[in-house]
Structure formats: C-alpha cells, structure tokens
Amino acid sequence: MIVFLTFLCLSAKSPFPSTDYVYFENSSSNPYLIRRIEELNKTANGNVEAKVVCLFRRRDISGSLNTLADSNARDLMSLLYKNWCACTAGDFEEESKQPSLSEQQKHQLKHRELFLSRQFESLPATHIRGKCNVTLLNETDVLASYLEKEDCFFYSLVFDPVQKTLLADQGEIRVGSKYQAEIPDKLAEGESDSRIQEKLETKVWDPNNQLKDSQIDQFLVVARAVGTFARALDCSSSIRQPSLHMSAAAASRDITLFHAMDTLQKNDYDLARAMSTLVPQGGPVLCRDEMEEWSASEAMLFEEALEKYGKDFNDIRQDFLPWKSLASVVQFYYMWKTTDRYIQQKRLKAAEADSKLKQVYIPT
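If you count by mature numbering (1 follows the signal peptide of the UniProt record, and there is no 0), then the sequence shown holds residues -19 to -1, 1 to 345, one letter each, in order.
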C-alpha cells in the first residue's frame, strides 16, 4: 500500500486537507502513535521528516487523569443524550439517533478517544503506516458512529505532558436551541415598540445630524492637530515618537477620529461645545490606542508568543504578557495586522511555504 500525503497544496489526484492525521510506528509491540502533520521537511541527508502534533491515548496518561477523563465522558454522554431528546421532541427538523450504548461499546469508545496536546516532535516520514480521522467531539455527534467507521477517533480534552493536566479544548461548536437568537414578532403597522430602547443599544453616531460633511471633516482635522500638540506636551510620547512626523501619524490613527466623532455626538453636534471638550482647562485630550501604548520589547514578546501559540490569546497573555489585559492583547493583534511588519512576515512565511515539500509518497 502507498500512503500519499499532501501538505500545503491540494492536487486533483489526492484532495486531502493540508493537515493529515496519520499512524506512526515506533515499536512493533505497541499500538501505532497517532499524530497530526504540521510540516514535511527534507533533511540535509535527503530524508524526509514530519513535524507533528502529539495526540495521546488513555494508556499514555496517569490513572488519576483517566478518572478525570471518565468523569468528563459521563458528562458528555449525559449532554449528548439530552440533546438527542431535544431533537426527537421536535426542536430540530433534522433526524438524530442516539441509541444507548452497551458496556462493550463504551469500552470500545475509550479506545477511540484521544487527548490533543500542544507538544510537537519530529519523526521520520518512513515510519508512517496510514491515515486516520480525528475530530473534536461535538454536542450533536452520535457516539456510536465512531464505532461504525474504521480509523475514526475523537477528542474533547487537551493533555499537557509537562504539567500532567487535562483541560477542555477551547474549540466549541455551538449547536442547539440554547444558542439560537430569539427573534421577536414583527410589529404590526401602527404598533409601537414597548421595549426600552436605552437598554437595547447606545447610539454613538447620528447620520442625520445638522452638520455638513465639510464641517465634520474640519473638526476631524482639528482633532488630529490637538492630538499632535498633546503628544508634544507629553514626555512619554516624545520618547516613543521623537519626530513631528511620527507624532502626527500617531494622532491620525482611528482612536483619535473615534474620540472626535464621539465628542460631537455627546455635545449634540454643537461645534463650539465639542471644541471646548477637545481642549479642556487641564490641557488637550490625548488618545492612545494599543499600538502606541505597547513598547518595542512588548511587541517582540507578542510576536514570539504568536509564533508559538498562534491566535490562542489566553495562552499568549498567560505565558508572555501577564501584565496586559486580554482585551489589550486582542486589540493589539488586530492593529499589528495592519502594519508593514506583519506584511513582511507574511511574505517571508509564504516564501518558506513555497520551499517546503508539497507531497511525499510513503510505501508501507
């Protein structure tokens, strides 16, 4: 048999996803390892190595963690059964079958359960013995379906081999009536809306205000000028933006424009009152966004964390930037994506991806 793995591209002959789950053989006396391929790399001596994410079986974790996994499995089975009852009661039109499982089937399911990890390792591609399917267990899944299919596995917990902990995976597919929006009935013609509007939303801009577009544009120019002047008076800003050009660029960012428009809204679009709010008695208002608040060393830490964890902002904050709030980390990420540095890194990664192996044949 030949195992054909495709990475980073899809071919007409083998329409496999870019991240394959495969069996690896490390010992003739042990069950196959199950791994997820992240990269295929060619070594200096011409051999092919696979950078893989480790998945663990129950036999690989301690007895106490197995007990925790059993408890989680009971909770999952209870939830799956409740969802099945809701489906059969008519909450959903789609059919669902959640038959009760025998003790033997429950035992078999334990051998289909895996534990994802964040651990990487490199293994010779010649040790690959076949492909398999691994999915995150969904609340609407039919457990028995995993027994009916060959080479089919599931996971719901993440195992940390260093800390020896099991945690629920952060991924979640929110399916079910409790996640659906409740849409009120349409108001009849002439019927008034009895809801308290202030509790539903907050108006931040009125497009039907009395100002002309040219007046709003002029006010935004004034807001940028005030922001530039405020940075000239602020010592910390002078260090971050030592030149007038950099200060003006920082003052032209969205945070300044949002503040200016919010000021107009709060002052009922009265330009004189809004001007006074921009420059109160204590001095001009200085608005900074996350891009300006972060130091260069913090930005470097963020890039290092992003390379390690991807967009797992909780882990990024916990392990690299604990003094930042989660909201601050998320806002910085989306601002960082607008910078030239992000574009350069994206191009470098694309060039690296083009130089990597696209596909490999593994005879087994």
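For each residue, glycine too, the CB sits at the ideal point set by N, CA and C.
Bear in mind that the values here come from a model prediction, so they are computed numbers and not experimental data.
For residue i, tell me which candidate among the options has the shortest Cα-Cα distance.
i           : options                           : result
Phe96       : Ala255, Gln178, Ala50 and Glu102  : Ala50
Arg110      : Asp293, Ser158 and Asn7           : Asn7
Met256      : Asp215, Glu274, Leu302 and Ile197 : Ile197
Asn53       : Ala149, Lys159 and Pro265         : Ala149
Tyr4        : Leu104, Glu20, His88 and Gln100   : Leu104
residue 346 : Ser98, Ala232 and Leu36           : It is not possible to answer for residue 346, since the shown part of the chain is limited to -19 through 345.
Ala253      : Val34, Glu285, Leu192 and Ser173  : Leu192
Asp251      : Thr319, Asn190 and Phe135         : Asn190
Val143      : Thr258, Ala211 and Arg99          : Arg99
Could you tell me the alpha carbon to alpha carbon distance between residue i and residue j, rounded to whole angstroms?
i      : j      : result
Ser195 : Ala169 : 40 Å
Glu163 : Leu307 : 29 Å
Leu201 : Met242 : 8 Å
Met316 : Ser276 : 14 Å
Leu118 : Val311 : 27 Å
Asn303 : Leu46  : It should be pointed out that residue 303 corresponds to Pro in this sequence rather than to Asn. Straight-line Cα distance between these residues: approximately 28 Å.
Asn22  : Val29  : 6 Å
Gln85  : Glu129 : 14 Å
Ala106 : Thr24  : 11 Å
Val123 : Arg55  : 15 Å
Asp249 : Ile177 : 21 Å
Tyr290 : Ile297 : 7 Å
Glu182 : Leu14  : 53 Å
Arg17  : Leu282 : 27 Å
Cys268 : Thr237 : 6 Å
Asp41  : Leu287 : 29 Å
Glu75  : Ser126 : Bear in mind that the predicted position of Glu75 carries a pLDDT of just 43, short of 50, making it unreliable; the figure below should be weighed with that in mind. Computed Cα separation, rounded: 17 Å.
Ala204 : Cys113 : 59 Å
Span of the beta strand (DSSP E) holding residue i?
i      : result
Gly111 : Ile109 to Leu117
Leu104 : Glu94 to Pro105
So what does residue i bridge to, in DSSP terms?
i      : result
Arg17  : Tyr2 and Val34
Ala149 : Leu138
Asp22  : The question names Asp, yet the displayed sequence has Asn at residue 22. Looking at the DSSP assignment, Asn22 forms a beta bridge with Glu30.
At which residues does the alpha helix (DSSP H) containing residue i begin and terminate?
i      : result
Gln262 : First-last for Gln262: undefined, no H or E at that position.
Gln161 : Premise fails: Gln161 is in no alpha helix (DSSP H) and is neither H nor E.
Arg298 : Phe294 to Asp300
Lys91  : Glu84 to Lys91
Val310 : Leu307 to Trp317
Ala241 : Asp235 to Lys247
Leu124 : Note, Leu124: premise wrong, no alpha helix (DSSP H); not H, not E.
Tyr290 : Ala277 to Tyr290
Say yes only if the C-beta of residue i is nearer than 7 Å to one or more non-hydrogen atoms of the ligand PLP, and no if none qualify.
i      : result
Phe239 : What this structure holds is no ligand at all, so the ligand PLP is not there to describe.
Length at least 4, wholly inside the segment 164 to 193: the alpha helix (DSSP H) runs in chain order: Fully enclosed alpha helix (DSSP H) runs of 4 or longer: 178 to 181.
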